[in-house]
Amino acid sequence: MDEKIKQALIDIVGEDNYTDSLIDMVSYSYDASEYSQRPSCAVWVETAEHVSNILKLANREHIPVVPRGAGTGLTGTATPVRGGIVLDLSRMNKIIKISIEDRLAIVQPGVVYADLEKALAHYGFFFPPDPASGTVCTLGGNVATNAGGVKGAKYGTTRDYVLGLQVVLPDGRIMRTGSRTMKSVSGYDLTKLFVGSEGTLGVVTEIILKINPKTTAATTSMATFDNLEDAGRAVSQIMYSGIIPSVLEILGRDTIMAINQNTDLDLPEVDAILLAETDGYTTGETDFQMEKIMEVFKKNNAGEVKKAKSQEEASELWVARKSAYAVLSRIKTHVVLEDVTVPMAKIADLLKGIKAISKKHNIMIATYGHAGDGNLHPQFVYDGYDPEQVKSKGAASAELFQLTVDLGGTLTGEHGIGLQKAPFMTLEHDPAAMNVMRGIKRLLDPNNILNPGKMALDK
Amino acid sequence: MISKAVLKEIAQIVGREYLYTTREVLLEYASDATRLESMPDAVVIPENADQISRILQLATKKGFPVIPRGAGSGMSGGAVPVRGGLVMAMKRFDRILAIDRDNLVCKVEPGVITARLQEAVEEVDLFYPPDPASLNVSTIGGNVAECAGGLRAVKYGVTRDYVLGLTVVLPTGEIINTGVETMKGVAGYDLTRLIIGSEGTLAVITAVTLRLVPKPAANKTMIAFFPDVSSAVEVVSKIIRNKIIPAILEFIDRQCLDCIREEMDLPIPLKAGAMLLIEVDGDIDLVGRDAGKIREVCEQGKALKFQGAANTEEADRLWEARRNVSPSLNKLRPHKISEDIVIPRSRLSDLVAFLGNLSQKYGLPVPAFGHAGDGNLHVNIMLDKNNPREVEDAQVMVRDLFDKVIQMGGTLTGEHGIGVTKAPYLEMEIPRAGIEVMSRIKKAFDPQGILNPGKIFV
Ligand SMILES: Cc1cc2nc3c(=O)[nH]c(=O)nc-3n(C[C@H](O)[C@H](O)[C@H](O)COP(=O)(O)OP(=O)(O)OC[C@H]3O[C@@H](n4cnc5c(N)ncnc54)[C@H](O)[C@@H]3O)c2cc1C
Ligand SMILES: Cc1cc2nc3c(=O)[nH]c(=O)nc-3n(C[C@H](O)[C@H](O)[C@H](O)COP(=O)(O)OP(=O)(O)OC[C@H]3O[C@@H](n4cnc5c(N)ncnc54)[C@H](O)[C@@H]3O)c2cc1C
């Protein structure tokens, strides 16, 4: 880093909040994806003014700035592909206010998801998106990627809970969007524009979140299917039945086999397992809802249908789902977790298509995910040091994206575009829509300093 | 003014019978529910997106305003052609294209009337929750463009929460699809939600993909009267603290109650200073449990009177109170300025107290009612528009009200939009940087500024 700029940064954040040591640069070079690139330096910011002053400087000097929460992103969104300054927001981690009366929480972006969850539990409330990375990822990262989770089918994603933001624009101006109210239609919805923008339009420095009362009872069940169509139909029928499960997850055959080979869970080896949870305030109520779901399972030719009789039994059932990512990550040197989403009734078609792609390219693709909202996670398992397999993986994922779009789906339900899916943006978006997005980016960030190289915005 | 030659080109695009320039027709399209009036140069009723695309290309080239229009029930002047130009009525886009039960989505054209869509989906046991009071006339396109809310917003959210994707024509003529047909998606900037609530200033909507939910199996309506606002508000908080989010939680203040008292079958206690209308819905067991708990909370909370409806007829009678409010206010004064502010719910009592002071200070009645559950109050400043002093005072009162609302962390409009009527006040809420960002976005979509000019920011 240029000495003058280094000094200017230190003047803004202080000596202790600046680093350009090799070891730090290596840790900031990647996130949870397969990409990496070292930045020139990183700074820990503590206030919106810090962020503002840094952006003013960077904008003047045309230096890339990459906002970063916990670096758990799966698409390379926090990777500093063009070098520059990593803006680490993890020290802006105060919960500013929780108001049950107003049904909201006001937080700084560096607050870890799980910390907010703990604080809210104290009042019997929760913030529903619930990403699987919740114990580490930050709320700023959740907002920037519009994170979702297993409860999406019933409770929606981060977007549905963001009421307002404080954002620092690329030119350093600090701006508030939205309000503390449950609804507002004052002018364009800038809040929602920043949600999911992957740190390319502004740096989020404060977040106003809507919160929900927390349920106190849950019932879990599972069902096995020898036929993907039956499982797919069961999902649609459940969602239509009037009972909205709080969780409805699917495990495909490859995932089940891998779990069995690597754990002692001993799952039934079938084409698909569906796991469902209903939530509410009394077991009577959640059991009643689960009865209806189990009827749908049975009506659709489920093999085994089992209701967890205790908390322990329920946890056992969830262990299988929760261990999928870790188990699959251990099989070969590399994994890539995809995040395609299709209309619910197309789940069986997607699973069958994935099977065919896997066979054609001779690469392992194990699938599991959020059946209730059609968001599946096909996980590619391969040897990243074998050029042949890397090539197959590339070809197979391109085919997966085409298949998804052909089924009326979207490339990403929750992980975002980042670097990984940037080349495929035009598969999903019309050239004119891409132009509008690029136009917005250009008008807000004319020097392209904020997280450049992402989302196919500066092609 | 649009020249004769250009009008001829437009007629060639849509067919002569769908272009109007006669005075009677222009008058029909000169205003909306605000009664503001401004004459357009012409009215066009296009049939498909391709025609719209060609008209917008022409407008961008020649530089005349185009004003998209649904039913004209807007409350902030969004569809009023304040700069003249071409009103584009979306009447012929009136088809429900698909209702997909398996995926809980439907696809409709923007001219479909809200109530018609609701009936159609309810026929297959599905439910489209947004229910603006204007639903028998308003269009889905207008609902999307204004991000309409309604009574059920406290539990079910507003129009925005149901729009998955759009087909729109950009001011430069390109037809694009935004969003997804799936339950979720995060690919690229959220153009869908940017266009929702943009009041016809960014693009003309030609198709809408909406998320549906299963129809709730049961519901129950209740009504409760309280001696004062603060005890009603305390009950609202307590209901939420009991982890019940009712589908509907409406509030009516003392002045409104006084206006409807005589016309009601249902006796209203003389001492009543506030009324709550509550509806819970969902699974039948759940509804019973929630209703029981709400009754308990009301009775512990100083309710003068509580009544639950045993059946739909009784529920209808309870509803009468809420429905009668708006029209009956004219007993107080012939005209009203109706605002649509939202505040954090905990400030509700403070705001109502403030309204009392405001009314006293200027001598004009200020009755309020609205969606207590989400803090969205309809504040009515009653006046006689033929009395210049009252008109002047009312203007000052609006500004005082907005000042207070912003100070409380609120917003100027919860569902009616900025349009023309609130444009002068936008800067009170949105910081300069925000307005500037909005106008840059407007530029990215509409470089020539032809689409619905003179709205939102001026
Ligand atoms: C094991 C595992 C499980 C996961 N499970 C899920 C899941 O269930 N659902 C899901 O949605 N995701 C999941 N993820 C992905 C990831 O955790 C989410 O995308 C998360 O929201 C990222 O948060 P972060 O704090 O790590 O952000 P980072 O990775 O640091 O950053 C992500 C993006 O946000 C931007 N950003 C971060 N903070 C700010 C800010 N304050 N202002 C502006 N931009 C900012 C960055 O520039 C970057 O573009 C998972 C990841 C892993 C490794
Ligand atoms: C008695 C009454 C009660 C009401 N109650 C409520 C209520 O409870 N909640 C609520 O939110 N609102 C309410 N409203 C306001 C109004 O009905 C809503 O704003 C409604 O959404 C407007 O729909 P419309 O079809 O009449 O649109 P219009 O008034 O015709 O247009 C409104 C705006 O949308 C734009 N527009 C219309 N169609 C399109 C399109 N296809 N593409 C792009 N832009 C378009 C117009 O340019 C304009 O800016 C009420 C109005 C009345 C008169």
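Sequence lines, in order, name chains A and B. Under this note's numbering, think of the first position of the first sequence as 199, with each following residue one higher. Under this note's numbering, think of the first position of the second sequence as 18, with each following residue one higher. Ideal placement from N, C-alpha and C gives every residue a C-beta, glycine not left out.
- Under the three-state reduction of DSSP, A:Ser556 is assigned to helix.
- Between the beta-carbon of A:Val305 and that of A:Ile405 there is about 5 Å, and that keeps the pair under the 8 Å contact cut.
- Ligand 1 has a heavy atom closer than 7 Å to the beta-carbon of A:Ala330.
- Not one heavy atom of ligand 2 lies closer than 7 Å to the C-beta of B:Ala224.
- Fully contained in the stretch 395–444 of chain A are the following alpha helix (DSSP H) runs of length 4 or more, in chain order: 426–438.
- Taking a contact to require three or more Cβ pairs closer than 8 Å, the stretch 386–394 of chain B and the stretch 351–362 of chain B qualify as touching.
- Judged by beta-carbon spacing, B:Pro405 lies beyond the 8 Å limit of A:Arg374, meaning their Cβ atoms are not closer than that value.
- The beta carbons of A:Ala620 and A:Leu526 sit no closer together than 8 Å.
- Taking A:Asn649 as reference, the option from A:Asn257, A:Val445, A:Glu612 and A:Thr379 with the minimal CA-CA separation is A:Asn257.
- Inter-segment contact for the stretch 314–328 of chain A and the stretch 400–416 of chain A is present: three or more beta-carbon pairs are separated by less than 8 Å.
- Of all residues in the stretch 289–316 of chain A, the ones placed with a Cβ closer than 9 Å to any Cβ belonging to chain B are Ser297, Ile298, Glu299, Asp300, Arg301 and Leu302, in chain order.
- In the structure shown, A:Met455 adopts helical secondary structure according to DSSP, grouped into three states.
- A:Thr417 sits away from A:Ile471, with the two beta carbons spaced by 8 Å or more.
- At a cut-off of 8 Å, the C-beta of A:Ile638 has a neighbouring C-beta in chain B.
- Under a 10 Å Cβ-count criterion, B:His395 is classified as buried, with 16 or more other Cβ atoms of the shown protein chains found around its own Cβ.
- A distance below 8 Å separates the beta carbons of B:Ile458 and A:Ile638.
- In the structure shown, A:Met562 adopts extended strand secondary structure according to DSSP, grouped into three states.
- In the displayed model, A:Pro621 falls within a helix according to three-state DSSP.
- Residues of the stretch 179–203 of chain B with a C-beta atom less than 7 Å from some C-beta of chain A are Leu187, Glu191, Ile193, Asn194, Thr195, Val197, Glu198, Thr199, Met200, Lys201, Gly202 and Val203, listed in chain order.
- Short note on A:His627: C-beta not closer than 7 Å to any heavy atom of ligand 2.
- A:Ala330 sits in coil when the DSSP states are folded into three classes, being neither helix nor strand.
- By the neighbour-count criterion, in which a residue is buried when 16 or more other Cβ atoms sit within 10 angstroms of its Cβ, A:Glu483 is buried.
- If you look at B:Glu313, you'll find it isn't in any beta strand (DSSP E); it sits in the alpha helix (DSSP H) that goes Ile301 to Gln317.
- Taking C-beta atoms under 8 Å as the contact rule, A:Gly281 and A:Val263 fail to qualify, at a distance of about 11 Å.
- Within 10 angstroms of the beta-carbon of B:Pro351 lie fewer than 16 other beta-carbons, which makes it exposed.
- For B:Val304, the CB contacts under 7 Å within the same chain, skipping 5 residues up- and downstream, are Ala235, Asn236, Lys237, Val297 and Asp298 in chain order.
- For the pair A:Val634 and B:Ala308, the Cα-to-Cα distance works out to about 49 Å.
- Collapsing the DSSP output to three states places B:Ala338 in a helix.
- Sixteen is the threshold: since fewer than 16 other Cβ atoms of the shown chains lie within 10 Å of the Cβ of A:Asp464, the residue is exposed.
- Contact between the stretch 440–458 of chain A and the stretch 561–575 of chain A is present, with at least three C-beta pairs closer than 8 Å.
- B:Asn259 and B:Thr438 have their C-alpha atoms spaced approximately 39 Å apart.
- Taking a contact to require three or more Cβ pairs closer than 8 Å, the stretch 389–401 of chain A and the stretch 354–367 of chain A qualify as touching.
- Under the DSSP assignment, B:Phe243 falls in the beta strand (DSSP E) whose first and last residues are Ala235 to Phe243.
- Listed along the chain, the chain B residues whose CB falls inside 7 Å of the CB of A:Met562 amount to none; the nearest CB is some 25 Å away.
- Leaving aside the five residues that flank B:Glu337 on each side, the residues in its chain whose CB is nearer than 8 Å to its CB run, in chain order, Met281, Asp282 and Leu283.
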